């Protein structure tokens with residue numbers, strides 16, 4: 001089995017603010033292998049965006065604190081990487097697509113300049129002009145052979161081969177037209193018609209779907225091995241959302257990146273992800289292959305969430321919803337965090353938090369232990385109404 | 386009052402937003418341009434029923450909702466409420482009429498004044514309509530809060546102390562405070578999580594059953610319309626393209642846009658993964674639209690006639706369905722799922738990402 005691109009182990013993140021300490025992410029573990037699409041689904045405030053931003057260390061620290069755990073990206077524990085070296089990780093290693101493309105694009109720059117910026121930085125890294133991230137054994141850019149490690153120690157180092165600076169200076173002089181060709185290629189990759197015109201437009205002149213495609217092009221142009229998509233389609237209309245999702249699914253086959261796909265929309269996750277993790281109040285409560293989790297959920301929360309989707313008519317009776325509300329994460333309930341709202345609650349649930357354990361008997365014989373649920377009574381979940 | 390008389394009827398309603406001409410436009414005497422937000426919409430709402438309005442952003446559904454509540458002045462057409470023309474009500478008459486129609490706004494944060502307490506927010510329509518004093522208003526609000534599922538002792542709290550669902554309940558309580566006969570619900574659940582959305586929708590349906598309020602439910606969420614609406618009108622670029630009973634429209638859509646919309650909704654069912662969605666293109670501009678069907682640039686069934694001639698909203702033979710499509714009879718049996726191709730070779734990559742050897 002190949003090494004995972006990303007391995008998150010027992011990650012715990014807290015926010016310390018005036019009102020107290022919020023346990024946004026507690027004891028979350030994840031593994032993403034090359035080419036996999038992992039979905040994270042959960043309600044507002046369950047910590048999914050915190051998790052997404054913690055992986056490339058984009059969280060403002062403070063107020064956020066990564067209390068414990070590891071984020072091993074291609075062999076390097078990002079939690080231990082000093083702050084000044086983080087820009088090397090972001091971009092070349094981990095690309096990010098944000099929810100609201102208008103807020104994430106710079107309104108003062110044309111599309112060309114925004115995409116060219118990331119291409120230029122990658123270019124500088126290729127020729128050794130900018131420092132680059134050297135984690136792991138496999139190359140970031142799958143189209144290039146792995147860089148030759150020089151003698152110096154440490155996973156992060158500058159490589160400046162002989163004559164690279166002079167070469168880079170020459171490249172820079174002739175760069176603009178070169179970048180133009182490459183930017184056009186990326187715009188075509190994200191299926192933008194008439195890229196020549198789009199190049200010269202500002203973000204406000206584009207529609208929502210178009211902006212999101214520009215964001216995807218920017219993220220891809222750094223050739224990341226991991227793409228984190230944080231609610232990439234939530235701000236879009238359904239027909240445009242369907243276009244963007246279709247595009248992303250096609251790109252998965254083309255760019256060979258792994259994707260961590262975060263959404264509150266069960267339908268979107270069902271369509272894109274291979275495996276999903278369901279988050280509730282900062283913990284992953286159920287994890288497994290998407291078909292398994294949707295067809296036979298083994299955690300009462302997953303089951304309730306799936307049932308709450310309005311899929312009936314008014315005459316067919318009221319919708320089922322989950323009684324109570326999401327707990328305040330500054331004082332999370334002891335034990336299982338879902339227990340105040342759970343129909344199966346018993347004394348044991350209020351004591352120790354249940355571990356994320358493989359379901360019994362295993363439903364997928366060739367991958368035992370892949371479907372996991374953090375519930376003491378997971379066997380009884382299928383019997384719930 | 387006749388029981389079968391419509392509560393609200395709008396005829397050929399139109400709203401144009403003029404575009405401020407630039408100096409160049411003025412100097413070269415170009416004609417004034419306008420955004421056709423709502424363009425010739427006719428609808429009726431019966432007492433105690435829910436009319437769902439679905440469409441994507443920019444389809445004019447919010448503008449239409451605001452006109453129904455008389456918050457936007459229509460540029461053409463007329464609004465009849467209870468057999469009375471209210472299109473041009475002014476001053477005191479308008480103010481008195483407002484107790485009939487209330488509105489719940491889309492953004493539960495922006496539509497509640499952060500400096501007012503709960504009883505002031507919810508009681509504002511009561512004060513405006515009935516001129517009651519503070520103790521009476523507080524008493525009325527205290528009695529009202531449980532009907533939307535809020536505790537009656539939160540009278541003196543501020544909106545920021547509530548969750549998204551709680552704020553939307555406050556908005557709903559404010560709309561209910563003067564016992565209106567119709568409420569315009571502008572995306573009441575789009576900012577909410579699915580479990581909270583289910584609670585609010587259940588509450589809305591309960592209130593409708595007990596009080597006989599008519600709703601106009603404006604949303605882009607097909608699932609919410611399916612659950613809450615009796616009839617549904619599908620809007621695209623300021624016009625209604627399809628209108629009928631909710632079950633028949635959602636199960637047997639006729640207009641190609643309705644089909645596309647329904648096909649695009651992601652279903653939380655991993656066994657129904659689709660690979661490819663064939664309706665391309667973006668929503669075109671609403672500035673002085675050209676004649677012809679407005680969906681023609683994106684429509685998979687387009688013929689030459691669609692590009693030149695406006696399709697009228699006509700009843701389908703033998704049904705209560707209204708459809709604005711030249712090819713309605715031909716396309717009516719095409720299933721929405723067929724707009725999704727199940728497999729296909731992706732277009733060739735630009736050579737940027739060669740496969741791993």
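Residue numbers (this note's numbering), protein chains in the order written: chain A, 1 to 385; chain B, 386 to 742. No residue lacks a Cβ here, since even glycine has one placed at the ideal position from N, Cα and C. All figures in this text were calculated on a predicted structure; none of them were measured in a lab.
Alpha carbon to alpha carbon, how far is residue 341 of chain A from residue 330 of chain A? Give it in angstroms, no decimals. Along the first chain, read from residue 1 onward, the residue named residue 330 of chain A stands at position 330. Along the first chain, read from residue 1 onward, the residue named residue 341 of chain A stands at position 341. Going by the C-alpha atoms only, they are around 18 Å apart.
In the DSSP assignment, what residue or residues form a beta bridge with residue 599 of chain B? The count along the second chain starts at 1 and reaches residue 599 of chain B at position 214. According to DSSP, which records beta bridges pairwise, residue 599 of chain B is partnered with B:567.
Beta-carbon proximity check, residue 334 of chain A vs residue 327 of chain A, cutoff 8 Å: Against the first chain, residue 334 of chain A aligns to sequence position 334. Against the first chain, residue 327 of chain A aligns to sequence position 327. No, the pair does not count as a contact, with Cβ atoms beyond the cut-off.
Mark residue 718 of chain B as exposed unless 16 or more other C-beta atoms lie within 10 angstroms of its C-beta, in which case mark it buried. Numbered from its first residue, the second chain carries residue 718 of chain B at position 333. Result: exposed.
Between residue 214 of chain A and chain B, is any beta-carbon pair separated by less than 8 Å? Numbered from 1 along the first chain, position 214 holds the residue referred to as residue 214 of chain A. No, residue 214 of chain A lies away from the interface with chain B (no Cβ there is under 8 Å from its Cβ).
Check whether chain A comes within 8 Å of residue 442 of chain B, counting only Cβ atoms and requiring the distance to be less than that. Along the second chain, one-based indexing puts residue 442 of chain B at 57. At least one chain A Cβ lies under 8 Å of residue 442 of chain B.
Which chain B residues are close to residue 241 of chain A, counting only those with a beta carbon under 8 Å from its beta carbon? For this step, residue 241 of chain A is matched to residue 241 along the first chain. By Cβ distance, chain B contributes 649 and 651.
Endpoints, alpha helix (DSSP H) assigned at residue 103 of chain A: Position 103 of the first chain, counted from the start, is the residue given in the question as residue 103 of chain A. Run containing residue 103 of chain A: 101-104, per the alpha helix (DSSP H) assignment.
Using only the alpha-carbon positions, how far apart do residue 138 of chain A and residue 74 of chain A sit? As a position in the first chain, residue 138 of chain A is number 138, starting the count at 1. As a position in the first chain, residue 74 of chain A is number 74, starting the count at 1. With a pLDDT of only 40 at residue 138 of chain A, under 50, the local geometry of the prediction cannot be trusted, and the value read off the model is given with reservation. Each residue's alpha carbon lies about 8 Å from the other.
Per-residue DSSP class, three states only, for residue 715 of chain B: For the purposes of this step, residue 715 of chain B is taken as residue 330 along the second chain, with counting starting at 1. In this structure, residue 715 of chain B counts as helix in the three-state DSSP scheme.
Rounded to a whole number of angstroms, what is the C-alpha to C-alpha distance between residue 750 of chain B and residue 517 of chain B? What is shown of chain B runs 386 to 742, which leaves residue 750 of chain B out entirely.
Leaving out five residues before and five after residue 631 of chain B in sequence, what residues of the same chain have Cβ atoms less than 8 Å from its Cβ? Counted from its first residue, the second chain places residue 631 of chain B at position 246. For residue 631 of chain B, where only same-chain residues beyond five positions count, the Cβ hits under 8 Å are 437, 610, 611, 614, 615, 616 and 617.
Return no unless some Cβ of chain A is closer than 8 Å to the Cβ of residue 611 of chain B. The residue you call residue 611 of chain B lines up with position 226 of the second chain. Look at residue 611 of chain B: its C-beta is under 8 Å from a C-beta on chain A.
Can you list, in chain order, the stretches of the alpha helix (DSSP H) that have 4 or more residues and sit fully within the region 229-278 of chain A? 238-255 and 266-272
Between which residues of its own chain and residue 498 of chain B is the CB-CB distance below 6 Å, once the five residues before and five after are set aside? Counting from 1 along the second chain, the entry for residue 498 of chain B is found at position 113. Nothing listed; no residue qualifies.
Neighbouring residues, chain B, relative to residue 264 of chain A (Cβ below 7 Å): Locating residue 264 of chain A in the first chain gives position 264, where the first residue counts as 1. Ordered by position in chain B, the residues that pass the 7 Å Cβ test against residue 264 of chain A are 578.
Contact list for the region 300-314 of chain A against chain B, Cβ threshold 8 Å: 304, 305, 306, 308, 309, 310, 311, 312, 313 and 314
What three-state label does DSSP hand residue 772 of chain B in the structure shown? Nothing can be reported for residue 772 of chain B: it is not among the residues displayed for chain B, which extend from 386 to 742.
Could you pull out every residue in the same chain whose Cβ sits closer than 6 Å to the Cβ of residue 66 of chain A, ignoring the five residues on either side in sequence? In the first chain, the residue the question calls residue 66 of chain A occupies position 66. Answer for residue 66 of chain A: 13 and 79, listed in chain order.
Sort B:577, B:646, B:571 and B:528 by Cα distance to residue 558 of chain B and report the nearest one. Looking up residue 558 of chain B in the second chain gives position 173. Of B:577, B:646, B:571 and B:528, the residue nearest in Cα terms is B:528.
Would you report the Cα separation of residue 96 of chain A and residue 680 of chain B, rounded to the nearest angstrom? If you number the first chain from 1, residue 96 of chain A lands on position 96. If you number the second chain from 1, residue 680 of chain B lands on position 295. So the alpha carbons of these two residues sit roughly 34 Å apart.
Looking only at its own chain, which residues have a Cβ that is under 6 Å from the Cβ of residue 304 of chain A, when we skip the five neighbours before and after it? Position 304 of the first chain, counted from the start, is the residue given in the question as residue 304 of chain A. Around residue 304 of chain A: 322.
Is it the case that the Cβ atoms of residue 39 of chain A and residue 269 of chain A are separated by a distance below 8 Å? On the first chain, position 39 is the one that residue 39 of chain A refers to. On the first chain, position 269 is the one that residue 269 of chain A refers to. Yes, Cβ-Cβ distance for residue 39 of chain A and residue 269 of chain A is below 8 Å.
Which residues in the same chain have their Cβ closer than 7 Å to the Cβ of residue 597 of chain B, if we skip the five residues on either side of it in sequence? Translated into positions along the second chain, residue 597 of chain B becomes position 212. For residue 597 of chain B, where only same-chain residues beyond five positions count, the Cβ hits under 7 Å are 432 and 433.
Collapsed DSSP secondary structure at residue 55 of chain A in the structure displayed: As a working mapping, residue 55 of chain A is identified with position 55 in the first chain. Correct three-state label for residue 55 of chain A: coil.
Beta-carbon separation (whole angstroms), residue 397 of chain B vs residue 442 of chain B, contact threshold 8 Å: Locating residue 397 of chain B in the second chain gives position 12, counting from the first residue. Locating residue 442 of chain B in the second chain gives position 57, counting from the first residue. That belief does not hold up - the Cβ atoms of residue 397 of chain B and residue 442 of chain B are roughly 24 Å apart, past 8 Å.
Measuring straight from C-alpha to C-alpha, what distance separates residue 27 of chain A and residue 208 of chain A? Reading the first chain from its first residue, position 27 is the one you call residue 27 of chain A. Reading the first chain from its first residue, position 208 is the one you call residue 208 of chain A. It is roughly 36 Å from the alpha-carbon of residue 27 of chain A to the alpha-carbon of residue 208 of chain A.
To the nearest angstrom, report how far apart residue 179 of chain A and residue 120 of chain A are at their CA atoms. To locate residue 179 of chain A, count along the first chain from 1; it is residue 179. To locate residue 120 of chain A, count along the first chain from 1; it is residue 120. Roughly 7 Å separates the two Cα atoms.
So who's on the other strand from residue 280 of chain A, going by DSSP bridges? The residue given as residue 280 of chain A occupies position 280 in the first chain. Partner(s): A:283.
At which residues does the beta strand (DSSP E) containing residue 435 of chain B begin and terminate? By 1-based counting over the second chain, the position of residue 435 of chain B is 50. Unbroken beta strand (DSSP E) run through residue 435 of chain B: 435-439.
Between residue 616 of chain B and chain A, is the shortest Cβ-Cβ distance under 8 Å, so that the two count as touching? Numbered from 1 along the second chain, position 231 holds the residue referred to as residue 616 of chain B. So no, residue 616 of chain B is outside the interface.
Contact between the region 709-716 of chain B and the region 447-462 of chain B: three or more CB pairs below 8 Å? Contact between the region 709-716 of chain B and the region 447-462 of chain B is absent: fewer than three C-beta pairs spanning the two stretches fall below 8 Å.
Give, in chain order, every residue of the region 262-292 of chain A whose Cβ lies closer than 7 Å to some Cβ of chain B. 264, 265, 266, 267, 268, 270, 271, 290 and 291
Do residue 533 of chain B and residue 483 of chain B have their C-beta atoms closer together than 8 Å? Here residue 533 of chain B refers to the residue found at position 148 of the second chain. Here residue 483 of chain B refers to the residue found at position 98 of the second chain. Cβ distance not < 8 Å, so residue 533 of chain B and residue 483 of chain B don't count as in contact.
Which residues of chain A have a Cβ atom closer than 7 Å to the Cβ of residue 628 of chain B, listed in chain order? Start at 1 with the first residue of the second chain, and residue 628 of chain B comes out as number 243. Within chain A, no residue comes near residue 628 of chain B; the closest Cβ sits about 18 Å away, beyond 7 Å.
So with CB distances below 7 Å, who are the chain A contacts of residue 605 of chain B? Your numbering for residue 605 of chain B matches position 220 in the second chain. In chain order: 237 and 238.
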